[in-house]
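Asks:
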Amino acid sequence: MSETKGYLDMELLRFTTAGSVDDGKSTLIGRLLYDSKAIFEDQMELLEETSKQRGEEGVNLALLTDGLRSEREQGITIDVAYRYFATPKRKFIIADTPGHIQYTRNMVTGASTANLALLLVDARHGVIEQTKRHAFIASLLQIPHIAVCINKMDLVDHSQEAFEKIKADFESFASKLEIKDVHFIPISALNGDNVVDRSENMDWYEGSTLMHLLENIHIGSDQNHVDCRFPVQYVVRPQSAEYPDYRGYAGRIEGGVFKPGDEVTVLPSGFTSKIKAIDTFDGEVEQAFSPMSVCMTLEDDIDISRGDMLVRENNKPTVEQDIDIMICWMNEKKMIPRGKYTIRHTSQTARCIIKEVKYKMDINTLHRNEADREIGLNDIGRITIRTTKPLFFDSYRRNRNTGSIILVDEATNETVAAGMII
Amino acid sequence: MSSYNLTHLKELESEAIFILREVAAQFEKPVMLFSGGKDSIIMFHLARKAFHPGKIPFPLMHVDTGHNFPETIEFRDRLMEETGETLIVKYVQDSIDKGTAVEETGVNASRNGLQTVTLLEGLEEGKYDCAMGGARRDEEKARAKERFFSHRDEFGQWDPKNQRPELWNLFNGKKKMGEHFRIFPISNWTEMDVWQYILHEKIELPSLYFSHKREVVNRDGVLLGKCDYIQLKNSEQWEEKTVRCRTIGDMTCTGVAESDAGTLEEIIEEVATTRVTERGGRADDKRSEAAMEDRKKEGYF
Chain L
120 MSETKGYLDM
130 ELLRFTTAGS
140 VDDGKSTLIG
150 RLLYDSKAIF
160 EDQMELLEET
170 SKQRGEEGVN
180 LALLTDGLRS
190 EREQGITIDV
200 AYRYFATPKR
210 KFIIADTPGH
220 IQYTRNMVTG
230 ASTANLALLL
240 VDARHGVIEQ
250 TKRHAFIASL
260 LQIPHIAVCI
270 NKMDLVDHSQ
280 EAFEKIKADF
290 ESFASKLEIK
300 DVHFIPISAL
310 NGDNVVDRSE
320 NMDWYEGSTL
330 MHLLENIHIG
340 SDQNHVDCRF
350 PVQYVVRPQS
360 AEYPDYRGYA
370 GRIEGGVFKP
380 GDEVTVLPSG
390 FTSKIKAIDT
400 FDGEVEQAFS
410 PMSVCMTLED
420 DIDISRGDML
430 VRENNKPTVE
440 QDIDIMICWM
450 NEKKMIPRGK
460 YTIRHTSQTA
470 RCIIKEVKYK
480 MDINTLHRNE
490 ADREIGLNDI
500 GRITIRTTKP
510 LFFDSYRRNR
520 NTGSIILVDE
530 ATNETVAAGM
540 II
Chain H
2 MSSYNLTHLK
12 ELESEAIFIL
22 REVAAQFEKP
32 VMLFSGGKDS
42 IIMFHLARKA
52 FHPGKIPFPL
62 MHVDTGHNFP
72 ETIEFRDRLM
82 EETGETLIVK
92 YVQDSIDKGT
102 AVEETGVNAS
112 RNGLQTVTLL
122 EGLEEGKYDC
132 AMGGARRDEE
142 KARAKERFFS
152 HRDEFGQWDP
162 KNQRPELWNL
172 FNGKKKMGEH
182 FRIFPISNWT
192 EMDVWQYILH
202 EKIELPSLYF
212 SHKREVVNRD
222 GVLLGKCDYI
232 QLKNSEQWEE
242 KTVRCRTIGD
252 MTCTGVAESD
262 AGTLEEIIEE
272 VATTRVTERG
282 GRADDKRSEA
292 AMEDRKKEGY
302 F
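Chains L and H, in that order, are what the protein sequence lines are.
The first sequence maps to residues 120 to 541 in this note's numbering.
The second sequence maps to residues 2 to 302 in this note's numbering.
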């Protein structure tokens, strides 16, 4: 029963991995899943059988995440695969993405919701282009924590020197990025050194194992609890005998802490009122913070609908129509200069026009290319847009929830770009 | 844990409620699929939470193969009566009578695949532009790559290689006339999360999920419960065992598992130590390695 109770107290950590087959990513994930009993016997049997059919020695754990037929046939990961495991302390969601440059959009997708990025470096090869690319994306997407796992330590005689050199190389590169919290762990995914259990082969390493880091890293500050932001998602009006005049504003808190009695300002109207109650199915709550989904009622009867935002009078977001954005292009159809797209931001939908491309980013060298401004699939660049109506936003750096946007192609309805507001 | 931190169950609940409200806001005529299984019971519970104190702003739809466990149907009807929400039932038998679906023959005959036909007909008849389902990504590997908002063409087909990217909490439900979406609000939940949530929220379940005595037949390692729809092969015989359902579906293909777990706590204990996935008992998934992917492409949810 104690186990049951423990489970109800668990936190959720989302992390992303990126990499190719060679750097041992599948082996590492497989080990985390298997050691935490997230791989079941029938899955394991199926893997063994499929690996055998394909003439492979041992068990190919990539077959576990490569769920689509074409992926298995081609031996590549095309898409973001989500995997789950839990320890008595935390539940983990892994967004596993392919690491090749042509899959930048998948890495960006996986990174968008992650608390932590797990970067794998082959101890024999050190920091390579792919490592830099992942680190850049982690920094661009403002993933709060990074774990650099220096893998295959068994192939470099568990040498501290090799580890320190890679660490120094990474730090030198990362100094050009916005990375706040980095941890370096020397591991051998194959042998399990420093993955779940401490390695007996690396006495010189005094830090934590990967599992210990994943279970204990402080994620309580990953959400913004300072700037009050409540985008109205849906208006609840029961119009029933029991609730004839109830008008509640449903949505998810995207920043700050709201309490009954708090004075709030409604954007875009600018009207102010007080929070009467914060309702949930389980009763009223004393406070609401990100990422809680709640339903608020106000003291005054004001016209509020989806897309409006409740904020504090003395702490408003930027209200603008001309917006600077770092964009990752996700569609085979290139971005059209001066093109018009639908933009989705919090619970708002508007249209926008691409006014200007400032530069394109070379994600391997971090060079800003101002000569080439053609933005195509997997390109990252800085653009300026103008929207048909003002958006209420913060910089992505300050708040990932109110600083992110997507662009939608108006002809195909496809999501063509992800953007971080500067 | 700091005071501004949610437990993982509360975070998953909040995520699902967010998606359900997004569906109500973005679609004109959504419908929630309801099978009477634990995942759809949870979905129903979450939908009530999402729109409280209002009613759920969309109906539920049960695609009934006619081969259900009777306990499921009793439970379903009682739940609707108690909550006053709306349920539409579509019968696979009607599709068979019309000739749009053809009954499988042979000893392993199942109506599971035929559900797709009835489902698509039901969606078309009701002009629903979005159907919500309780599928989870941990169930099966083709599902591990499906989006929360999964776009389907006018034939209800899924194109796994051409899925829309899904970032942050920004969901794109835009579509052309005739196309629709399948939406999976509990994508990120695992079997364990579901059980823990049922315990935490004190959600009532059909008695089938708890240990009971039942006559079963062992067919290719899957224990099938006795009913009129299963014909024994020569060498087979019914035997009484103490079992429970890990999933609830069509009686012809939903295996039961030997188990003494009679309470939620015991089930959780069992799930924590068990070494076979819950779909391991589903004969329909065993047909081939890509069985689920193929059925999804055809329009299965």
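Ideal Cβ positions, reconstructed from N, Cα and C, are used throughout, including at glycine.
Since the model is a prediction, treat every value here as computed from it, not as a measurement.
Please classify Val535 of chain L as buried or exposed, where buried requires at least 16 other C-beta atoms within 10 Å of its C-beta.
Replies: As a first step, residue 535 of chain L must be located in the first sequence, where it is residue number 416. That one is buried.
Asks: I'd like the span of the alpha helix (DSSP H) that includes Glu83 of chain H, first residue to last.
Replies: Sequence index remark: in the second sequence, residue 83 of chain H carries index 82 (1-based). Taken as a continuous stretch (DSSP letters only), the alpha helix (DSSP H) holding Glu83 of chain H covers 71-84.
Asks: For Leu21 of chain H and Pro305 of chain L, what's the separation of their Cα atoms in angstroms?
Replies: Here residue 21 of chain H refers to the residue found at position 20 of the second sequence. Here residue 305 of chain L refers to the residue found at position 186 of the first sequence. Each residue's Cα considered, the two are about 43 Å apart.
Asks: Which complete beta strand (DSSP E) runs does the region 384-457 of chain L hold, if anything under 3 residues is left out?
Replies: DSSP runs (the beta strand (DSSP E)) wholly in the region 384-457 of chain L: 391-399, 412-417, 428-430, 437-448.
Asks: From which residue to which residue does the beta strand (DSSP E) around Lys284 of chain L run?
Replies: The count along the first sequence starts at 1 and reaches residue 284 of chain L at position 165. Here Lys284 of chain L belongs to no beta strand (DSSP E); instead the alpha helix (DSSP H) covers 279-293.
Asks: Could you list the residues in the region 524-540 of chain L with a C-beta less than 8 Å from some C-beta on chain H, going in chain order?
Replies: Cβ contacts with chain H come from Ile524, Ile525, Val527, Asn532, Glu533, Thr534, Ala537.
Asks: Who pairs with Ser340 of chain L in a beta bridge, going by DSSP?
Replies: Indexing the first sequence from 1 puts residue 340 of chain L at position 221. DSSP, once it has assigned bridges, lists no residue as partnering Ser340 of chain L.
Asks: Looking at the secondary structure, which residues open and close the beta strand (DSSP E) in which Met133 of chain H lies?
Replies: The count along the second sequence starts at 1 and reaches residue 133 of chain H at position 132. It spans 131-133 - the beta strand (DSSP E) in which Met133 of chain H sits, taken as one unbroken run.
Asks: Within the continuous beta strand (DSSP E) that includes Thr204 of chain L, where are the two ends?
Replies: Numbered from 1 along the first sequence, position 85 holds the residue referred to as residue 204 of chain L. Before going on, a small fix: residue 204 of chain L reads as Phe here, not Thr. Taken as a continuous stretch (DSSP letters only), the beta strand (DSSP E) holding Phe204 of chain L covers 200-205.
Asks: For the alpha helix (DSSP H) that contains Glu267 of chain H, what are its first and last residues?
Replies: Your numbering for residue 267 of chain H matches position 266 in the second sequence. 265-274 is the extent of the alpha helix (DSSP H) around Glu267 of chain H.
Asks: Please determine whether the Cβ atom of Ala530 of chain L lies at a distance below 8 Å from any heavy atom of the ligand MG.
Replies: Of the ligands one can find in the structure shown there are none, so the ligand MG has no counterpart to examine.
Asks: Round the Cβ separation of Leu238 of chain L and His253 of chain L to the nearest angstrom and send it over; I've been treating them as touching at under 8 Å.
Replies: Position 119 of the first sequence, counted from the first residue, corresponds to residue 238 of chain L. Position 134 of the first sequence, counted from the first residue, corresponds to residue 253 of chain L. The Cβ separation is near 5 Å, so the contact holds.
Asks: What are the boundary residues of the beta strand (DSSP E) that Lys251 of chain L is part of?
Replies: Working through the first sequence from its first residue, we reach residue 251 of chain L at position 132. Not the beta strand (DSSP E): Lys251 of chain L falls in the alpha helix (DSSP H), residues 248-259.
Asks: Return the first residue and the last residue of the alpha helix (DSSP H) that Ala25 of chain H is part of.
Replies: Residue 25 of chain H sits at position 24 when you count from the first residue of the second sequence. Run containing Ala25 of chain H: 9-27, per the alpha helix (DSSP H) assignment.
Asks: Which residues in chain L have a C-beta closer than 7 Å to the C-beta of Arg220 of chain H? List them in chain order.
Replies: Position 219 of the second sequence holds residue 220 of chain H. Going along chain L, no residue has its Cβ under 7 Å from Arg220 of chain H, so there is no contact; the nearest lies around 16 Å.
Asks: Short of 6 Å in beta carbon distance, which residues of its chain neighbour Tyr365 of chain L, apart from the five on each side in sequence? Order them along the chain.
Replies: The sequence position of residue 365 of chain L within the first sequence is 246, counting from 1. Excluding residues within five positions, the ones whose Cβ falls inside 6 Å are Pro357.
Asks: Please report how far the alpha carbon of Leu34 of chain H lies from the alpha carbon of Asp154 of chain H, in whole angstroms.
Replies: Residue mapping note: residue 34 of chain H aligns to position 33 of the second sequence, counting from 1. Residue mapping note: residue 154 of chain H aligns to position 153 of the second sequence, counting from 1. Their backbone Cα atoms lie some 19 Å apart in a straight line.
Asks: Under 9 Å, Cβ to Cβ, is there at least one residue of chain L near Pro54 of chain H?
Replies: On the second sequence, position 53 is the one that residue 54 of chain H refers to. For Pro54 of chain H, the answer is yes, since a Cβ of chain L falls inside 9 Å of its Cβ.
Asks: So, for Asn488 of chain L: in the same chain, excluding its five sequence neighbours on each side, which residues have a beta-carbon less than 7 Å away from its beta-carbon?
Replies: As a working mapping, residue 488 of chain L is identified with position 369 in the first sequence. The residues are Tyr478, Lys479, Asp481.
Asks: Are the CB atoms of Lys39 of chain H and Ile249 of chain H nearer to each other than 9 Å?
Replies: Counting from one through the second sequence, the residue named residue 39 of chain H turns up at place 38. Counting from one through the second sequence, the residue named residue 249 of chain H turns up at place 248. Yes, the Cβ-Cβ distance between Lys39 of chain H and Ile249 of chain H is below 9 Å.
Asks: Drop a sphere of 10 angstroms on the beta-carbon of Cys64 of chain L, count the other beta-carbons inside from all chains shown, and report buried for 16 or more, exposed for fewer.
Replies: Residue 64 of chain L lies beyond the residue range present for chain L, which begins at 120 and ends at 541; the question has no answer from this structure.
Asks: What does the Cβ neighbour count give for Trp169 of chain H, buried or exposed, with the cut at 16 atoms within 10 Å?
Replies: Stepping through the second sequence from its first residue, residue 169 of chain H is reached at position 168. So Trp169 of chain H counts as buried.
Asks: Could you give the distance in angstroms between the alpha-carbon of Thr206 of chain L and the alpha-carbon of Glu403 of chain L?
Replies: On the first sequence, position 87 is the one that residue 206 of chain L refers to. On the first sequence, position 284 is the one that residue 403 of chain L refers to. Using only the alpha carbons, I get a separation of about 32 Å.
Asks: Helix, strand or coil for Arg183 of chain H per DSSP?
Replies: One-based indexing of the second sequence puts residue 183 of chain H at position 182. Arg183 of chain H: strand per DSSP, three-state reduction.
Asks: Quick one: Cα of Gln406 of chain L to Cα of Tyr5 of chain H, how far?
Replies: Against the first sequence, residue 406 of chain L aligns to sequence position 287. Against the second sequence, residue 5 of chain H aligns to sequence position 4. Approximately 10 Å between the Cα atoms of the pair.
Asks: Quick one: list the residues of chain L neighbouring Ser15 of chain H, beta-carbon separation under 7 Å, in chain order.
Replies: As a working note, residue 15 of chain H is residue 14 in the second sequence. Ordered by position in chain L, the residues that pass the 7 Å Cβ test against Ser15 of chain H are Arg371, Pro410, Met411, Ser412.
Asks: So, helix, strand or coil for Pro357 of chain L, using DSSP?
Replies: For the purposes of this step, residue 357 of chain L is taken as residue 238 along the first sequence, with counting starting at 1. DSSP places Pro357 of chain L in coil when its eight states are reduced to three.
Asks: Would Ile335 of chain L and Ser409 of chain L qualify as a contact pair, given that the criterion is a beta-carbon distance under 9 Å?
Replies: On the first sequence, residue 335 of chain L is found 216 positions in, with the first residue counted as 1. On the first sequence, residue 409 of chain L is found 290 positions in, with the first residue counted as 1. Residue identity differs from the one stated: residue 335 of chain L is Asn in this sequence, not Ile. No, the pair does not count as a contact, with Cβ atoms beyond the cut-off.
Asks: Just verifying my parser: in three-state terms, what is the DSSP assignment at Val314 of chain L?
Replies: What you label residue 314 of chain L is simply residue 195 of the first sequence in a count that begins at 1. Coil, per DSSP.
Asks: Given a threshold of 16 other Cβ atoms within 10 Å of its Cβ, counted over all protein chains shown, does Ile247 of chain L qualify as buried or as exposed?
Replies: Here residue 247 of chain L refers to the residue found at position 128 when the first sequence is read from its first residue. Exposed, by the Cβ-count rule.
Asks: Have a look at the DSSP bridge pairing and note the partners of Cys268 of chain L.
Replies: The residue given as residue 268 of chain L occupies position 149 in the first sequence. Partner(s): L:Leu239, L:Ile304.
Asks: In three-state DSSP terms, what is Asp139 of chain H?
Replies: Locating residue 139 of chain H in the second sequence gives position 138, counting from the first residue. Asp139 of chain H: coil per DSSP, three-state reduction.
Asks: Applying the 10 Å Cβ sphere with the 16-neighbour rule, what's the burial state of His46 of chain H?
Replies: Here the question's residue 46 of chain H lines up with position 45 in the second sequence. Buried, by the Cβ-count rule.
Asks: Under 9 Å Cβ-Cβ, which residues of chain H neighbour Asp364 of chain L?
Replies: Residue 364 of chain L sits at position 245 when you count from the first residue of the first sequence. Here the premise fails: no neighbours, minimum Cβ distance about 12 Å.
Asks: Pop quiz: Leu235 of chain L and Leu132 of chain L are said to be a contact at Cβ under 8 Å. What is the actual Cβ separation, rounded to whole angstroms?
Replies: Position 116 of the first sequence, counted from the first residue, corresponds to residue 235 of chain L. Position 13 of the first sequence, counted from the first residue, corresponds to residue 132 of chain L. Rounded, the Cβ-Cβ distance is 7 Å, consistent with contact.
Asks: Looking only at its chain, what residues have a beta carbon closer than 8 Å to the beta carbon of Gly500 of chain L, apart from the 5 residues adjacent to it on each side?
Replies: The residue labelled residue 500 of chain L in the question sits at position 381 within the first sequence. Hits under 8 Å: Met445, Ile446, Trp448, Val476, Lys477, Tyr478, Lys479, Met480, Arg492, Ile494.
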